[in-house]
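Novice: Reminder that position 34 of the sequence shown reads as 40 in this note's numbering, one-by-one numbering, no gaps. Okay, handing you the structure first.
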Amino acid sequence: MEIDERISVVPYDEKWNSLFQSEKANLLKAFGEDVIDIQHFGSTSVQGMSAKPIIDVLIGVKTLDLNLSVTNNLLEQGYEGFGEIGVGRLYFRKWQEYSFNLAVVIWNGEQWVKREALEPLSARMEITLS
C-alpha cells in the first residue's frame, strides 16, 4: 500500500479520545519494555476541532531498532509498516472504521521534542474552542 492517503475533514467526534486510550493499552502490550511514552497528537487530540478522522499516535521508544516481536505484534493488530519515513521516525498505519497512524520516535529525541512543542498550541486551541 502507498503512504499517501486521501483524507477528509469531519466534525469533532467524542469517541476519538476513548479510541486512543483503548489503542494505547494495546500498543503498550505490543511494545512492551521498548516503549517509554505514548501520546495522542494531531487534530483528533484537540477537543472540539474538526479533523481528519485518523487518530495520530506518537510513540516514544528507547531505540528505533525495534525487536522483531514488536513488529510482529503490530502486524497481528492490523498495522502495516512503512519503515523510516523521514529521519528518525518509523511509520505504521492501521486502516479500519477508526484508523490510526503511528509515529515511532526516540523518546525525548528531536522528533519527540518537535511534536511535544505543539502540545501548548493544542491546549490553547481547546480553550478557545470551548
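Think of the CB as a built atom: it goes at the ideal place given N, C-alpha and C, for glycine as much as any other residue. In this text the structure is predicted, and so the values were computed from the model without any measurement.
Any idea what DSSP makes of residue 107, helix, strand or coil?
Specialist: Note: residue 107 maps to strand in three-state DSSP.
Novice: Measuring CA to CA, which of 37, 69, 52 is closest to residue 61?
Specialist: Checking every option, the nearest Cα to that of residue 61 belongs to 52.
Novice: Which ranges would you report for the beta strand (DSSP E) in the region 65 to 104 if only whole runs of at least 3 residues count?
Specialist: As far as the region 65 to 104 is concerned, its whole beta strand (DSSP E) runs of at least 3 residues are 86 to 90, 96 to 100.
Novice: Give every residue of the same chain whose Cβ lies closer than 7 Å to the Cβ of residue 126, excluding the five residues on either side of it in the sequence, and list them in chain order.
Specialist: Its pLDDT being 49, under 50, residue 126 is placed unreliably by the model, and the measurement read from it follows with that caveat. None.
Novice: How would you label residue 31, buried or exposed, when you count the other beta carbons within 10 angstroms and need 16 or more for buried?
Specialist: Residue 31 comes out exposed.
Novice: On a Cα-Cα basis, can you pick out the residue from 36, 111, 57 that is closest to residue 14?
Specialist: Comparing Cα-Cα distances from residue 14 to each of 36, 111, 57, the minimum goes to 57.
Novice: Exposed or buried, what is residue 91 when buried is set at 16 or more other beta-carbons lying within 10 Å of its beta-carbon?
Specialist: Counting Cβ neighbours within 10 Å, residue 91 comes out exposed, since fewer than 16 surround it.
Novice: Between residue 110 and residue 96, is the Cβ-Cβ spacing less than 7 Å?
Specialist: Cβ atoms of residue 110 and residue 96: closer than 7 Å.
Novice: Is residue 39 buried or exposed, if buried means 16 or more other CB atoms sit within 10 Å of its CB?
Specialist: Looking at its Cβ environment, which holds fewer than 16 other Cβ atoms inside 10 Å, residue 39 is exposed.
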